[in-house]
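Protein chains in written order, with full-length UniProt numbering: chain A, 1 to 664; chain B, 1 to 624.
Backbone N, C-alpha and C define an ideal beta-carbon position, used for all residues, glycine too.
Report on the structure given below.
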Amino acid sequence: MTAAAAPPPARRPPDQPGAEPCWRGVASDPHADRSLAEDTSPEAVARLRAHSRALLADVLRPHRRRLGAAVALLLAQNAAAMSGPYLVMLGIDRAIGPLRAGRPGPLVAVAVSFAAATGIEYAARRGFLTLSARIGQAVLLDLRQRVYAHFLRLPVAFHERYTSGRMISRLTSDIESIAELADGGVEGLVMAVLTIVSVAGILLWLDLPLAAVTLLAFPLLFWLSRWFARASTAAYRRTREAMALVIVHFVESMRGIRAVQTYRRQARNQEIFASVNDDYRRSSRHAFRLIATYSPGIKLIGNVTVAVVLCYGGARVMDGHIEVGVLAAFLLYLRRFFDPMQELSQFYNSLQSATAALEKLAGVLDERPEVAEPAHPVPLPRRPAGRPGEATGGAGDGPAGGAGGGATGGAVTFRAVSFGYRPDAPILTGLDLTIPAGQTVALIGPTGAGKSTVAKLLARFYDPLAGTVTLDGVDLRQVADAELRRAVVLVTQETHLFGGTVAENIRFGRPDADDAAVTAAARAIGAHDFIAALPDGYATEVRRRGGRLSAGQRQLVAFARAFLADPAVLILDEATSSLDVPTERLVQHALGTILRDRTAVVIAHRLSTVEIADRVLVLDGGRIVEDGPPAELIADGGRYAALHHQWRLGIHVPGPGPVPTIDG
Amino acid sequence: MVAARSDGGPADRGEVGRHPLRNLWRLRHYLRPHAAQFGWLMLAGLAATGAGIAVPLVAQQVVDGPVARRDLAGLYQLAGLALLVGLVEALLIFIRRWVQSSSSVAMEAAIRDDVYAHLQRLPASFHDRWPSGQLLSRITSDLSVLRRFLSFGLLFLVLNLATYLVVVVLLIRLHPVLGLLVAASAAPLFLIARRFGRHYHTASRRMQDQQGDVATLVEETAQGLRTMKAYGRGPQLTDRFVAGTRALHDIGVDKGRLLARTSARLDLVPNLTLGIVLVAGTAAVADGRLTVGQLVAFVSLQLMLIWPVQSLGWIIANGQEAATAADRIQEVLDSSPAIVDASHAVALPRCAVRGRLRFEGVTFRYPGTAEPVLRGIDLTVEPGETIAVVGATGSGKSTLLSLVPRLHDVGAGRLTLDGHDLRDLRLASLRRLVAMAFEEPTLFSMSVWENLTLGRPDAGEDEVRAALELARAEFAYDLPWGLRTRLGEQGLSLSGGQRQRLALARAVLVRPAVLVLDDPLSALDVHTEAAVESALKGVLRDMTALLVAHRPSTIGLADRVALLEGGRITAVGPHAELLATVPGYRTLLTAEPPSAPPPRTPAGPPSSERPVEPASDGCPLVRS
């Protein structure tokens with residue numbers, strides 16, 4: 001890692017042969033494109049494969065009974081189907097004579113049996129297909145939910161490198177390629193095994209030497225299958241990854257479509273998309289060609305075997321070892337032996353494709369959350385009689401007394417905390433910080449000083465590399481996630497609104513809040529007026545990523561959400577950057593009352609937000625360089641005082657506005 | 001729970017009205033480059049089927065002929081023939097599958113490329129309505145359904161129909177009455193198939209739409225992951241996802257049940273026919289109207305019909321899925337890009353542009369909403385001038401700015417650059433002249449270099465360095481791999497201020513004639529902000545610029561300020577002047593008196609003492 005030494009690329013840097021195309025750049029994390037389990041070492045590959053098989057077995061286990069029933073139905077259906085030709089033979093052999101003699105009884109008996117067999121076949125087939133669809137869908141449902149839940153458990157750090165496109169790819173495209181197996185897999189496998197085993201038995205029974213000759217085909221089949229297994233495993237892995245890249249690029253360019261269009265990026269995007277799409281085309285063509293070779297290969301072995309058996313069997317008939325009839329039967333059954341082999345090869349193909357997808361899912365499921373839920377959570381100490389001054393000002397019956405938050409104290413301590421996103425670039429080294437319950441602390445300092453890192457550690461987006469962060473004396477690593485989230489809420493400048501209504505988005509802060517509480521929260525931070533003016537008021541759908549609300553409005557909704565959540569510790573990371581001054585003032589006014597009785601860490605670049613703080617911390621290079629009440633720091637004449645001075649200038653001196661160039 | 005259920009979004013579902021296969025048929029031109037290949041593979045398929053029938057026939061010949069006659073040479077000859085036919089069969093299958101594998105994936109890739117290209121052309125308003133999960137499912141799941149149909153369904157439909165016809169003709173020749181009976185069994189098959197097709201069509205559409213919704217849910221989860229973590233709302237999101245996948249599961253089970261019922265019914269038809277043939281044939285043999293040999297031959301031929309009929313259900317299902325997938329793909333391709341080059345559009349060379357940007361009576365309303373966001377905006381930005389647009393949260397500032405690069409088109413009125421209506425300029429040319437930095441910096445998970453040179457792929461190293469220095473974004477050089485470092489998704493591993501500075505550098509790098517900056521410094525700390533401002537001032541000196549600002553310090557970059565209230569511009573003038581004379585402006589910037597301006601009430605007539613717009617030169621004002 002030669003930090004800073006890496007020279008900027010000259011013009012457009014040429015693609016290194018064999019390397020990744022240059023536009024993607026070099027990931028700072030070697031595991032950027034995969035889960036940790038997807039290592040490339042042979043042991044890791046084997047382990048992952050074993051895990052994926054285990055996963056398959058695991059999701060199938062609850063359906064053992066249904067699977068048994070499905071196989072039974074399938075057997076019944078086949079028995080009924082097989083009996084058809086037999087009944088025809090019976091009819092010809094046994095019914096014609098009596099009918100000529102005027103006795104329709106045997107024919108009626110045959111006809112009735114035939115009808116019965118047909119009925120059974122109908123019912124069994126319908127039952128089997130229904131049941132196998134049920135099993136298949138249940139397995140897919142299970143897989144989707146498991147993987148989704150695991151994605152939610154994985155920490156922010158994982159998602160930052162894995163990218164959302166890849167996550168989407170796992171939960172859509174990969175699952176769908178397993179669906180193909182679920183659709184026809186059971187039938188293909190059972191039928192093939194059934195036929196092959198039974199026919200092999202019949203062949204052995206018919207004539208041992210001929211059967212022995214037939215068995216000579218097996219080493220060939222085995223060899224061919226092993227080749228296919230190896231080749232297709234690699235091929236399908238590539239296919240899955242190529243698809244993931246298509247999805248990653250697609251999702252990103254759709255999301256950034258405004259920038260794409262404004263900067264006329266379409267042509268270059270098309271070029272990139274065409275290249276990832278072409279990679280996918282090539283890799284799937286390769287996979288299809290493998291099965292295009294494997295399947296006729298099986299056919300070829302079968303046909304050659306038939307010809308050999310024909311020769312050898314013919315000779316044996318001529319030698320008088322076997323009857324002609326036996327040879328005829330043998331040949332007919334041989335055909336029935338190799339036809340299902342084709343089915344089997346198709347099934348094997350779907351299995352290979354599904355396994356490659358399962359590997360990807362197993363890789364995700366193997367990923368251990370680095371920021372894990374504690375096995376034995378320690379409850380946060382409860383305050384005997386709630387916080388002093390429970391009321392939250394003008395919020396009426398708003399979030400006061402909200403779920404849990406009111407009962408926690410909110411004293412925060414950082415003890416010798418060290419942290420860095422990359423091992424070679426520490427952000428915080430041995431940070432010590434104590435925030436008593438109820439205090440409002442403003443964090444200021446230049447970019448890269450570690451302000452947001454402090455916020456993220458406190459919200460336990462990450463765990464410190466060394467040292468501890470405690471809340472009311474309990475290490476955050478020992479607090480159950482649900483309890484931690486009730487107690488600590490982080491509001492960042494990236495305000496995300498989920499699909500649904502404005503009210504639902506505010507209620508995200510406290511799902512059990514009623515409409516009055518939602519409205520009160522919006523009122524308290526000054527969002528009510530604009531929400532009420534929306535077409536459907538609080539019931540307005542925010543659409544995709546809040547498309548139609550402005551950035552400032554989204555921040556207000558996010559604020560209302562945090563207000564409603566009523567946590568003991570509130571962290572605001574540049575949460576008011578897009579607001580106009582009066583609205584920001586309104587929010588600050590509300591904050592004045594909201595924050596009075598709770599612990600708050602406020603990161604802001606603006607004086608007005610900092611002014612409400614009890615205490616200001618100036619951070620630089622991961623260390624606290626100034627610490628004290630704002631007035632004291634101003635008096636001391638340090639960095640904060642200098643900043644304060646600058647702010648004052650910015651607010652009260654009218655902009656340095658140069659002479660207008662307008663000519664009436 | 002998934003949004004977007006109206007105004008022409010993906011919600012207008014299913015109602016095709018026209019022939020259900022119409023959209024599938026419309027995709028035929030993708031087949032054209034591969035038409036010859038398809039012809040060949042059909043032939044190979046038919047020939048392989050023929051060879052497949054021939055192998056047992058040869059075997060039969062062997063048993064009846066040389067073996068019975070104890071003719072060793074003849075045996076070897078015929079066995080050789082069987083071997084040959086077997087080799088040819090395998091070879092033909094190999095050829096068919098090999099050809100298929102390249103042509104079907106090539107078609108899939110071609111359609112995907114085209115859909116992507118079309119999506120890039122569609123305007124922002126389209127993308128606001130369509131969640132990208134829905135778009136994604138169309139270029140992944142729906143396309144693979146189409147591919148499966150083109151590579152298997154269609155082929156087997158033809159092969160099986162051919163087999164069916166040949167066998168029925170043979171049966172009729174063998175025994176006209178019974179043969180016609182078998183032929184008549186096609187009628188119930190047809191009825192069952194048609195009914196099934198109709199039901200399955202609906203089910204498969206619902207399934208595909210639901211797949212899109214689930215993809216949307218996943219995408220949204222990925223987007224909102226930090227918010228979810230911050231509030232610990234995993235359970236709530238999981239509930240939503242469970243509901244979505246549960247619906248998918250239920251539709252899947254319904255589909256399976258439908259297919260099971262139909263498959264079993266289809267299967268019933270040849271079996272019942274066989275039963276009738278058996279009874280009638282046996283009776284005929286008893287009467288002496290038919291020989292036993294003929295009956296055996298008839299029945300064994302008839303047995304060959306079972307597989308084609310059995311697979312019919314699957315083929316129809318596949319066909320219907322392909323038809324609805326084609327519908328969904330065509331829905332995207334049929335959305336016409338509303339913002340395109342006019343036929344007479346011209347390109348303006350950069351050097352010929354002075355940069356006089358003029359809003360003339362501009363009104364804008366988002367589709368599907370009643371209230372216009374902007375009403376009768378008149379504003380002129382003189383060449384080289386910088387105007388700051390100031391207004392309360394939600395007053396329409398960003399919307400106003402997005403009209404300049406034509407991310408949206410004006411509803412009424414017009415926007416001109418040096419007197420040219422923007423709609424008379426080529427889009428590519430306009431967007432070369434205009435660069436915009438967005439409120440939320442959009443970064444892609446590509447190298448820093450690629451992100452910076454988005455609008456200027458040919459930018460040199462020095463220019464990039466200068467842009468980075470101007471935006472105080474030199475930190476990019478300190479990333480582990482310098483400018484080659486891949487930015488994490490949306491650049492989320494960077495701080496908000498860092499992202500904003502990269503976006504600013506990107507906009508500046510374009511060296512546009514008109515620079516549009518949407519609150520470009522909101523996330524910067526005071527020191528950086530001051531440094532960027534002083535650098536920007538140099539750049540803005542001779543560049544026409546429109547910027548949204550909330551802070552006096554940023555407004556300091558502007559020559560004049562336009563106050564946007566309730567969708568109208570109520571005052572224009574230098575900052576100091578407005579501060580002194582316009583109370584609304586003063587309130588907005590200093591929050592004195594501390595009350596929010598009425599956010600939505602139409603802000604009356606422009607304050608009388610302020611000239612709204614000096615209607616100066618020859619450009620006539622066009623009012624709506």
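Secondary structure in the segment 65-137 of chain B: no beta strand (DSSP E) run of 3 residues or longer lies completely within the stretch. Annotation for L468 (chain B): the continuous alpha helix (DSSP H) segment containing it runs E461 to L470. Counting along the chain, the unbroken alpha helix (DSSP H) around E529 (chain B) starts and ends at V526 to L540. The segment 562-575 of chain A and the segment 594-614 of chain A touch, with no fewer than 3 CB-CB distances between them shorter than 8 Å.
In the same chain as G281 (chain B), and ignoring 5 residues on each side of it, the C-beta atoms closer than 7 Å to its own belong to L178, L290, L295 and F298, in chain order.
Listed in chain order, the non-local C-beta contacts of T416 (chain B) below 6 Å within the same chain comprise R358, local neighbours out to five positions each way being set aside.
DSSP places F196 (chain B) in the uninterrupted alpha helix (DSSP H) bounded by A186 to Q223. At a cut-off of 8 Å between beta carbons, F156 (chain B) makes no contact with chain A.
For the segment 80-102 of chain A, the beta-carbon criterion of a distance under 7 Å to any beta-carbon of chain B is satisfied by G84, P85, V88, G91, I92, A95, I96, L99 and R100. Using a C-beta cut-off of 8 Å, the segment 571-589 of chain B makes no contact with the segment 401-412 of chain B, since fewer than three inter-stretch Cβ pairs fall below that distance. If only uninterrupted alpha helix (DSSP H) runs of at least 4 residues are considered, those enclosed by the segment 449-534 of chain A are 451-458, 481-487, 502-507, 515-524 and 528-532. In the three-state DSSP reduction, E371 (chain B) falls in the coil class, being neither helix nor strand.
In this model, F128 (chain A) and A315 (chain A) are separated by some 45 Å (Cα to Cα). By the rule that beta-carbons nearer than 8 Å mark a contact, Y231 (chain B) touches chain A.
For the set A:V139, A:G136, A:R170 and A:V309, the Cα lying nearest the Cα of H150 (chain A) is the one of A:R170.
Judged by beta-carbon spacing, V389 (chain B) lies within the 8 Å limit of A562 (chain B), meaning their Cβ atoms are closer than that value.
Close CB contacts of R365 (chain B) within its chain, under the 6 Å cut and outside five residues either way in sequence, are with P372 and G411 (chain order). Residue state for F218 (chain A) is assigned as helix, using DSSP reduced to three classes. Looking at the DSSP output, G391 (chain B) sits in a beta bridge with B:L564.
Annotation: G25 (chain A) is outside any alpha helix (DSSP H) and is labelled neither H nor E by DSSP.
The alpha-carbon of A356 (chain A) is positioned some 22 Å away from that of A133 (chain A). For D580 (chain A), there is no enclosing beta strand (DSSP E), as DSSP marks it with neither H nor E.
With respect to the C-alpha of V441 (chain A), the residue from A:R240, A:L433 and A:G448 having the closest C-alpha is A:L433. Look at P66 (chain B): its C-beta is under 8 Å from a C-beta on chain A.
D559 (chain B) and A124 (chain B) have their C-alpha atoms spaced approximately 30 Å apart. Listed in chain order, the non-local C-beta contacts of V158 (chain B) below 7 Å within the same chain comprise M42, local neighbours out to five positions each way being set aside.
The three-state secondary structure of F414 (chain A), taken from DSSP, is strand.
V569 (chain A) places its beta carbon less than 8 Å from that of A487 (chain A). Restricting attention to B:Q236, B:T163, B:L170 and B:M107, the CA atom closest to the CA of S144 (chain B) is found in B:M107.
Residue pairing from DSSP places F364 (chain B) in a beta bridge opposite B:L374.
Residue-level contact by beta carbon fails for W205 (chain A) and chain B, as no gap is shorter than 8 Å. In chain A, no part has a C-beta under 8 Å from the C-beta of Q320 (chain B); the shortest such distance is about 15 Å. The segment 514-532 of chain B and the segment 431-439 of chain B touch, with three or more beta-carbon pairs separated by less than 8 Å. Here W130 (chain B) is buried: its Cβ has 16 or more other Cβ atoms, across all protein chains shown, within 10 Å.
By the Cβ criterion, the segment 93-100 of chain B is in contact with the segment 296-304 of chain A, since at least three pairs of Cβ atoms, one from each stretch, lie closer than 8 Å. Residue-level contact by beta carbon holds for T130 (chain A) and chain B, with a gap shorter than 8 Å.
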